[in-house]
Amino acid sequence: MSAKLKPEPTIFIIFGGTGDLNARKLAPALYNLYLDGWMPKQFSIIGTGRTKLTDEQFRNNLLNDINQFSRSGKTTKAKWEDFSKNIFYQISDAKDHETYKEFGQRIEAHNKEWGVKANVMYYLAVAPEFFPIIASNISKAKLAEDPDKTRIVIEKPFGHDLESAKELNKLLAGIFDEKQIYRIDHYLGKETVQNIMAFRFANSILEPIWNRNYIEHVQISVTEQLGVQDRGPYYEGSGALRDMIQNHLLQLLCFIAMETPISFSADEVRDRKVDVLKAMRKFTPDDVRTSAVRGQYGPGWIEGEEVPGYRQENKVDPNSNTETFAAIKFFVDNWRWHGVPFYVRTGKRMHQTASTITIQFRDVPHLVFPKEATESWQQNRLIISIQPEMSIRLQVQAKRPGIDMVLNTVDMVFDYKGTYTSDAPEAYETLLLDTMMGDQTLFMRGDQVEEAWDLIMPILNMWEAKKSLNFPNYSADSWGPEIAEALIARDGYHWFTLPVNGKKK
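Residue -14 is where the sequence shown starts when you use our numbering, and the numbers rise one by one after that.
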C-alpha cells in the first residue's frame, strides 16, 4: 500500500467497546495507526456497552489499556490528548432499537461537523449470538443504506457449523453487499503470513519447485502453552477443530497451496484460495478414523508451575468430550499437489507456543557422497516461523569445515529482527487499516467460510457423536497425544519443531 494513500474520514462504532478485545487489540491498534500517521484527519471511535460510563471514564479506561498492551509503549500526554478527543462512549443495548437511532444521530452530527459523508465501520466485538441481532437492527434503523460508505466487521467464530454459517451469510447478504462484509481472521494480518505471498510470487526461483515433483509433504503447526483459563464456557462449545483448524490453519494451508493469482486484487486472491478448499479431499468415516486425531490435556507442570487438566478448568464439564488438540492429514487433489500430504496440528498446554509452516522437499535422486559423510543427512526444508520468532529459513546440506568430507545441515535465514529496524505492525493494525481502505484481500469471503466448514463437518459430526474413552490423553507440557505422532510416523515422517533459545525442545 502506498504511504501516500490515507483512509477517508471514518467513524468506528465498536459493539463490545468495554470488552477484552477492544482493550487488548482494537484500541491499541487504532492508537498505533494514529502514531504512524495512518489514521484520517477526521475520525471518531464510538465504544458501546451496557456499562454506565461517561466519555471521560471510557477514555481513561482505554488509556490504561493502551499503556499496557500497545507495542509502542506508554502514551505521551500531547499525543493522547490529540487522539482521545476523537473517542466517545454510548451506553447501549444491542437489542434496543433506540440505541441505533442514537448512532444515526451521532453519524449525522459528525458528517455535518466535517462537511463530508464519512465511512462508517460497525465492528462486532461481541459474542456470536449477537451478530444477527446487531446486523438486523442496523438494517431496521436504515444505517446500512449506502454500500460505498458502510462496512461491518465480524470476528470469528463465523457460525458454529456449516448450516449456521450459511444462515448467517444469508442474513448478512440480505442487508449488505459482499464488499461491505469483513470477516476478520487476525492470523491473516500477521506480517509473516502476508510475507508468504511475497515470498512465493515475487521470486522466480520458487515457482518451478512449488509442486508435487519436488515437495514431499507440508506441516502446519500452531501450538500454545496456555490452557483455556477463563474461556471454559466458550471452549466447551468450540474445541480445537472449530477454534483453530476451520479458520486459522486452513487459511495458512490455502496460502501455501493456492495457484498464482493473476493480480493482487481482493477477489482474485480469494478466488484462488477458494479453489484450494474445493480441491481438498472430502472425509469419509474411514478417513476420519485414520487421518484425524483428537486429544485433551490432563494436569502437569509448565515452567515449574503445576497446572490443571482441561476437565479441572473453571466451568468445564468434568466429563467433557471437547478436544483441546487436533491433528489432521489433508490432501489437495489437483495437478500441483496430488498425493502430497498436508499435516496440520494445533493444541493447548503444549510444550511450546509456536506457529510454523514446514515444507519438506523430496530427497536427492542419487546420493554421491560416501556413507561416513552423510551420517547427519537431512532433506531440504523451508520453514516459515510466524511466532515466537518471525523468520523464513531454508535448511540445506553443506560441508563442515575440515579435511574430511562431512556434510551437515545449515540454515539460510531471513530474520525480521535482524533485517529490519522498525517494529512490525500488529495484525489488527493491518486489518483495521484495510477495512478503512476498503481492501478485502486478507478477509474471508462467504463462500470460503462455507467451503471450510463443509470440509471439516464429517470430522466434527463423528467426534461429537462418539465420546472419546481415553481423555485426557496427553499431559501438560508435552507435544500432544502419542497417536498424533503415529499419524505422521505411519508415512515415515515426524513433527518438526524449531529450536528455542538455541536448543531443540
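Beta carbons are placed, not taken as given, at the ideal position from N, Cα and C, and that holds for glycine.
| Item | Value |
| --- | --- |
| Spatial distance of A(-12) from F346 (CA atoms) | A caution first: A(-12) carries a pLDDT of 49, below 50, which makes its placement in the model unreliable, though a value can still be read off. When rounded, the distance between both Cα atoms is 38 Å. |
| Through-space distance from V395 to G387, alpha-carbon basis | 16 Å |
| Coil, strand or helix - V138 by DSSP | strand |
| Check whether E411 and R168 have beta carbons under 7 Å apart | no |
| Cutoff 8 Å; reference N304; Cβ partners in own chain excluding five residues on either side | R296 |
| N- and C-terminal bounds of the alpha helix (DSSP H) containing F54 | 40 to 54 |
| Range of the contiguous beta strand (DSSP E) that encloses K384 | 376 to 384 |
| Contacts around V207, its chain only, beta-carbon distance under 7 Å, and the 5 residues preceding and following it disregarded | M229, H233, L234, T331, S340 |
| Beta-ladder partner(s) of P457, from DSSP | DSSP lists no partner for P457. |
| Helix, strand or coil at F184 according to DSSP, with G and I counted as helix | helix |
| Same chain only: Cβ atoms within 7 Å of N7, ignoring 5 sequence neighbours per side | I(-1), G1, G32, A110 |
| Cα-Cα separation between R44 and I72, rounded to whole angstroms | 7 Å |
| Option nearest D146 by Cα separation, candidates A474, H202, D439, V213 | D439 |
| Proximity below 7 Å, CB of A12 to CB of D50 | yes |
| C-alpha gap between L483 and Q363, whole angstroms | 15 Å |
| Beta-carbon contacts of M265 that lie in its chain and below 8 Å, excluding the five residues immediately before and after | F315, F316, V317, D318, L440 |
| Closest residue to A14 among L416, I444, F428 (Cα-Cα distance) | L416 |
| C-alpha gap between R321 and A437, whole angstroms | 20 Å |
| Three-state secondary structure assigned by DSSP to D133 | coil |
| Cβ separation of S29 and I(-4), assumed to be a contact under 8 Å, to the nearest whole Å | 5 Å |
| 4 or more residues per run - each alpha helix (DSSP H) lying fully within the stretch 382 to 466 | 401 to 404, 412 to 422, 431 to 450 |
| Through-space distance from S376 to E87, alpha-carbon basis | 47 Å |
| Per-residue DSSP class, three states only, for F88 | helix |
| Distance CB(G144)-CB(L157) smaller than 7 Å | no |
| Residue burial classification, A277 (beta-carbon count within 10 angstroms, cutoff 16) | buried |
| Residue from Q53, I92, G100, V138 whose Cα sits closest to the Cα of D419 | V138 |
| Meets three-Cβ-pair contact criterion under 8 Å: the stretch 197 to 204 and the stretch 419 to 429 | no |
| C-alpha distance - G487 paired with Q337, whole-angstrom precision | Confidence in G487 is poor, its pLDDT being 43 and thus under 50, which makes the residue's placement too unreliable to answer from. |
| Residues near Y199 in its chain [Cβ-Cβ closer than 7 Å; skip 5 each side] | F346, R347 |
| Terminal residues of the alpha helix (DSSP H) in which E66 lies | 62 to 69 |
| Validate contact between the stretch 187 to 194 and the stretch 268 to 282 using beta carbons, cut 8 Å, 3 pairs | no |
| Three-state secondary structure assigned by DSSP to N17 | helix |
| Whether F327 touches L237 by CB criterion (7 Å) | no |
| CA nearest to the CA of D67, picked from R227, Q27, A474, P(-8) | Q27 |
| Counted within 10 angstroms of its Cβ, other Cβ atoms place D170 as buried (16 or more) or exposed | buried |
| Through-space distance from S463 to Y478, alpha-carbon basis | 19 Å |
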